[in-house]
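Position one of the sequence shown corresponds to residue 1 (the numbering used here), numbered consecutively onward.
In what follows, a structure is listed as structure tokens, so that the remarks can point back to it.
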Amino acid sequence: MTTEEAIKVLNELDEITLYKKEAEALEKGIEAIKRTIPKEVLYSYDGYFNGEPVVDMASCPNCGHDFEQGDETWGSNFCPNCGQALKWEVAESKEEA
């Protein structure tokens, strides 16, 4: 079973038959499983070199945690703030400063 299939099955459980505590636990579990699916970081830049934007900033797509190139967390597999699995690629800037 894939992660996406597990999320679908859990989402289809009838919350009416669950007690409030169980429903809350189920929701937290689904959120945690979703964070294991890597999401692309959101790149941005705040300067130019030879007329080209220099991508030196990124943020977590889940919580917005900021990463700055050169910091020890740049390129981390997981966000240190929320635990979201991250996908890093050298790409064109997706956000403008």
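The beta-carbon is built from N, C-alpha and C at its ideal position, and this holds for glycine as well.
Just so it is clear, the structure is predicted and the values come from calculations on it, not from any experiment.
Just curious, the beta strand (DSSP E) that residue i is in, first and last residue?
i: G47; result: L42 to F49
i: S59; result: E52 to S59
i: F78; result: First-last for F78: undefined, no H or E at that position.
If residue i and residue j are in contact, beta carbons under 8 angstroms, what's the gap, nearest whole angstrom?
i: A98; j: P38; result: Outside the modelled stretch of the chain, which goes from 1 to 97, sits residue 98, for which no answer is possible.
i: H65; j: P53; result: In fact, because the Cβ distance is near 21 angstroms, the residues do not count as touching under 8 angstroms.
Start and end of the alpha helix (DSSP H) containing residue i?
i: E22; result: K20 to R35
i: E89; result: E89 -> no alpha helix (DSSP H), and no H or E assigned at all.
i: E72; result: E72 -> no alpha helix (DSSP H), and no H or E assigned at all.
i: N11; result: T3 to E12
Buried or exposed, going by whether 16 or more other CB atoms sit within 10 Å of the CB of residue i?
i: L10; result: exposed
i: A32; result: exposed
i: F49; result: exposed
i: V41; result: buried
i: A25; result: exposed
i: M57; result: buried
Determine whether the beta carbon atoms of residue i and residue j lie at a separation below 8 angstroms.
i: G70; j: W88; result: no
i: R35; j: N77; result: no
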